[in-house]
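Q: Submitted below is the structure of interest, expressed as structure tokens.
Protein chains: 2
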Amino acid sequence: MKKSFGAKTLVFPTPVWVVCTYDREGRPNAMSAAWGGICCSQPPCLAVSLRKATYTYGNIVARKAFTINVPSEIHARQADYFGMVSGKNVDKFSAAELTPIRSSIVDAPFIEEFPLVVECRLLHSIEIGLHTQFVGEILDVKAEDSVFDEKGYVDIEKVRPILFEPEINTYHGVGKLLGRAFSMGKEIRGKSPR
Amino acid sequence: MKKSFGAKTLVFPTPVWVVCTYDREGRPNAMSAAWGGICCSQPPCLAVSLRKATYTYGNIVARKAFTINVPSEIHARQADYFGMVSGKNVDKFSAAELTPIRSSIVDAPFIEEFPLVVECRLLHSIEIGLHTQFVGEILDVKAEDSVFDEKGYVDIEKVRPILFEPEINTYHGVGKLLGRAFSMGKEIRGKSPR
Numbered sequence: 001m002k003k004s005f006g007a008k009t010l011v012f013p014t015p016v017w018v019v020c021t022y023d024r025e026g027r028p029n030a031m032s033a034a035w036g037g038i039c040c041s042q043p044p045c046l047a048v049s050l051r052k053a054t055y056t057y058g059n060i061v062a063r064k065a066f067t068i069n070v071p072s073e074i075h076a077r078q079a080d081y082f083g084m085v086s087g088k089n090v091d092k093f094s095a096a097e098l099t100p101i102r103s104s105i106v107d108a109p110f111i112e113e114f115p116l117v118v119e120c121r122l123l124h125s126i127e128i129g130l131h132t133q134f135v136g137e138i139l140d141v142k143a144e145d146s147v148f149d150e151k152g153y154v155d156i157e158k159v160r161p162i163l164f165e166p167e168i169n170t171y172h173g174v175g176k177l178l179g180r181a182f183s184m185g186k187e188i189r190g191k192s193p194r
Numbered sequence: 195m196k197k198s199f200g201a202k203t204l205v206f207p208t209p210v211w212v213v214c215t216y217d218r219e220g221r222p223n224a225m226s227a228a229w230g231g232i233c234c235s236q237p238p239c240l241a242v243s244l245r246k247a248t249y250t251y252g253n254i255v256a257r258k259a260f261t262i263n264v265p266s267e268i269h270a271r272q273a274d275y276f277g278m279v280s281g282k283n284v285d286k287f288s289a290a291e292l293t294p295i296r297s298s299i300v301d302a303p304f305i306e307e308f309p310l311v312v313e314c315r316l317l318h319s320i321e322i323g324l325h326t327q328f329v330g331e332i333l334d335v336k337a338e339d340s341v342f343d344e345k346g347y348v349d350i351e352k353v354r355p356i357l358f359e360p361e362i363n364t365y366h367g368v369g370k371l372l373g374r375a376f377s378m379g380k381e382i383r384g385k386s387p388r
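These protein sequence lines are chains F and Y, in that order.
Following our numbering, the numbering of the first sequence begins with 1 at its first residue and continues without gaps.
Following our numbering, the numbering of the second sequence begins with 195 at its first residue and continues without gaps.
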């Protein structure tokens, strides 16, 4: 039996991403965002939604670029901090003891200590309501050596990304391997009537 | 030391969602999608991106509505199947032994057996490239009694949603609680220079 919860942003899973930008003076900033996802395979794009009131909003509009930085579980405190204060008056990198590295590809910094970063140039800005959705074309993905598996792929169990739970506001890790995609469903496909 | 992987859709976490629609004849269909996320708080909206080649694409364009159905770990096989075949010629609900329920709010069905469903009316269609992004306004969220916590909130550890790993194509569960959002970062904020 299903119970109705009304019109709200309650869905699982949602990510914990840190959006990094430069402001007009070239100062690096970082903010956390959970309203986002991949939105196109070709060109590879992701979307992240921000309120106009954020410092990052103005930075993206001015610089036409941002990076998405995927924190590992050990960075949960820092990622949470990045979502609590504005970069208008604070050097959040310094407070969080993290290092901004200038991207050689887009006009934005990325976080040296985070295991996975995605460098984006702004492709579209879509006004939806309280949030503006920024669609970024992914120009490069960079990952730390330490998160590769034995075949050289980025291993989610080594990255250990964080999930945001938008209902009661908690963070969760990634759990066990359930199976292979485009494979587990073959049994059902095999017996399906055509 | 970071290694470059080039321009690709590699970021964590990404969801496993099942998009349900009616076709022009009123037949229910279900497909899996991982390219999506929440994109606005007010009005509450989510985005999901589909290729024009999918049967669901035409259904959403025709019906201006869809539901996002969050599978639990026990539905991983069925969710994978929904991503493997087209509903053009197959009754995927019947093959997967799942039940489509007509939404009373939007012109789309949802999956009775899945723990969490989000009912959306189409708000925007945005052509990005290979994928079209559909922005849906969330009109209601429904959850099974069995996934509430003791306070009546939807409990992610009871929903047990699935993550899609887009690099090596695996499914993963949700792991342990890491902490509370808007709380873990207070320690850093407290010592931050103003």
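Yeah, the Cβ is synthetic: ideal placement off N, Cα and C, and Gly gets one too.
1) What's the C-alpha gap between N29 of chain F and P207 of chain Y?
2) What are the boundary residues of the alpha helix (DSSP H) that V117 of chain F is part of?
3) For S41 of chain F and chain Y, any beta-carbon pair shorter than 8 Å?
4) Out of F:G152, F:C40, F:V19, state which residue places its alpha-carbon closest to the alpha-carbon of S198 of chain Y.
5) Roughly how many angstroms separate the alpha carbons of I322 of chain Y and L310 of chain Y, rounded to a whole number?
6) Could you check where the alpha helix (DSSP H) with R160 of chain F kicks off and where it finishes?
7) Tell me which residues of the segment 326-349 of chain Y have at least one Cβ-Cβ distance to chain F shorter than 7 Å, keeping chain order.
8) Thinking C-alpha only, which one of F:R77, F:L130, F:E73 is nearest C239 of chain Y?
9) Please classify Q133 of chain F: does DSSP put it in a helix, a strand, or coil?
10) Can you tell me whether M31 of chain F is buried or exposed, with buried defined as 16 or more other CB within 10 angstroms of its CB?
11) Got a sec, what are the start and stop residues for the beta strand (DSSP E) T215 of chain Y sits in?
12) Contact check, F82 of chain F vs V174 of chain F under 8 Å by CB: the rounded distance?
13) I want to know whether the segment 153-164 of chain F touches the segment 239-252 of chain Y - three or more CB-CB distances under 8 Å.
14) Under 8 Å Cβ to Cβ from I101 of chain F, same chain only, skipping five residues before and after it: list those, please.
15) Would M184 of chain F be called buried (16 or more neighbouring beta carbons within 10 Å of its own) or exposed?
16) Out of Y:S319, Y:R271, Y:R257, Y:G230, which has the shortest C-alpha to C-alpha gap to E219 of chain Y?
17) Which stretch, first to last residue, makes up the beta strand (DSSP E) that contains S49 of chain F?
18) With the cut-off set at 8 Å, would you say P360 of chain Y and T248 of chain Y are in Cβ contact?
19) By the 9 Å beta-carbon criterion, what residues does the segment 56-86 of chain F contribute toward chain Y?
20) Taking S195 of chain F as the reference, give the member of F:D80, F:S72, F:V11 with the closest Cα.
A: On the basis of the coordinates in this document:
1) Counting from one through the first sequence, the residue named residue 29 of chain F turns up at place 29. Counting from one through the second sequence, the residue named residue 207 of chain Y turns up at place 13. N29 of chain F and P207 of chain Y: Cα-Cα distance of roughly 22 Å.
2) For this step, residue 117 of chain F is matched to residue 117 along the first sequence. Taken as a continuous stretch (DSSP letters only), V117 of chain F belongs to no alpha helix (DSSP H), being part of the beta strand (DSSP E) at 116-127.
3) The residue you call residue 41 of chain F lines up with position 41 of the first sequence. Answer yes: the Cβ-Cβ gap between S41 of chain F and chain Y drops below 8 Å somewhere.
4) Position 4 of the second sequence, counted from the first residue, corresponds to residue 198 of chain Y. When only C-alpha atoms are compared, the closest one is F:G152.
5) The count along the second sequence starts at 1 and reaches residue 322 of chain Y at position 128. The count along the second sequence starts at 1 and reaches residue 310 of chain Y at position 116. Looking at the two C-alpha atoms, the distance is approximately 28 Å.
6) Against the first sequence, residue 160 of chain F aligns to sequence position 160. Premise fails: R160 of chain F is in no alpha helix (DSSP H) and is neither H nor E.
7) Q327, V329, I332, L333, D334, V335, K336, A337, E338, D339, Y347, V348
8) Taking the second sequence and counting its residues from 1, the one referred to as residue 239 of chain Y is at position 45. Of F:R77, F:L130, F:E73, the residue nearest in Cα terms is F:L130.
9) By one-based count along the first sequence, residue 133 of chain F stands at place 133. Q133 of chain F falls in the strand class under three-state DSSP.
10) Mapped onto the first sequence, residue 31 of chain F falls at position 31. So M31 of chain F ends up on the buried side.
11) Position 21 of the second sequence holds residue 215 of chain Y. 211-216 is the extent of the beta strand (DSSP E) around T215 of chain Y.
12) Looking up residue 82 of chain F in the first sequence gives position 82. Looking up residue 174 of chain F in the first sequence gives position 174. Wrong, their Cβ atoms sit about 20 Å apart, outside the cutoff.
13) no
14) For the purposes of this step, residue 101 of chain F is taken as the residue at position 101 of the first sequence. So the qualifying residues of the chain are P109, F110, I111, E112.
15) For this step, residue 184 of chain F is matched to residue 184 along the first sequence. Looking at its Cβ environment, which holds 16 or more other Cβ atoms inside 10 Å, M184 of chain F is buried.
16) Here residue 219 of chain Y corresponds to residue number 25 of the second sequence, with the count starting at 1. When each option's Cα is compared against that of E219 of chain Y, the closest is Y:R257.
17) Position 49 of the first sequence holds residue 49 of chain F. Run containing S49 of chain F: 45-51, per the beta strand (DSSP E) assignment.
18) Translated into the one-based positions of the second sequence, residue 360 of chain Y becomes position 166. Translated into the one-based positions of the second sequence, residue 248 of chain Y becomes position 54. Cβ distance not < 8 Å, so P360 of chain Y and T248 of chain Y don't count as in contact.
19) I68, V70, E73, A76, R77, Q78, A79, D80, Y81, F82, G83, M84, V85
20) Given a span of 1 to 194 for chain F in the structure shown, any question on residue 195 of chain F remains unanswerable.
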